[in-house]
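Residue numbering for the sequence shown follows the working numbering, beginning at 1331 and increasing consecutively.
Each remark here refers to the structure printed beneath this line.
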Amino acid sequence: MEKKLLKVRLRSEVWRAVHFEALSRGVPVGTIIEDAIELYLALSQGNATLNVKDGATLRLKTIKPTIIPSKPATEPPPEPVRTQTAPTNADAPSFIKDNPWLAIIARKG
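Laid out in structure tokens, this is it:
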């Protein structure tokens, strides 16, 4: 009974995430869901461990498996994304300043 309840819950949560991939590969969706259930049970009972590739992340909500990275990270963390600097014309954002499409839209309006 417990496995059936888990199966129903996983089926509703996992369906959207896997059915596109399963259909594109030709694998029956039910097979992938059954595999997800088996993996979930093995991880939650401590019968399996995960080796995660560098740079990969897991956002698991209900189980917290012990994750052993494939190799220690030797590279520095990535540089933060640079944001756009303040526009030179304080009256208008940079995407509006000197935009020819705005003149076209104003003429048609």
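Positions of the beta carbon are idealized from the N, C-alpha and C atoms, including for glycine.
For clarity, every value in this text was computed on a predicted model and none was experimentally measured.
Check your understanding: Count the other CB atoms within 10 Å of the CB of Ile1435; is the residue buried (16 or more) or exposed (fewer)?
Key -> Its Cβ having fewer than 16 others within 10 Å, Ile1435 is exposed.
Exercise for review: Would you kindly report the start and end of the unbroken beta strand (DSSP E) that includes Leu1380?
Suggested key: In the DSSP assignment, Leu1380 falls within the beta strand (DSSP E) that extends over 1380-1382.
Check your understanding: What residue range is occupied by the uninterrupted alpha helix (DSSP H) comprising Ser1430?
Key -> Per the sequence shown, the amino acid found at residue 1430 is Pro instead of Ser. Segment 1430-1438, the alpha helix (DSSP H) holding Pro1430.
Review point. Any idea what DSSP makes of Gly1356, helix, strand or coil?
Key: Residue state, collapsed to three classes: coil.
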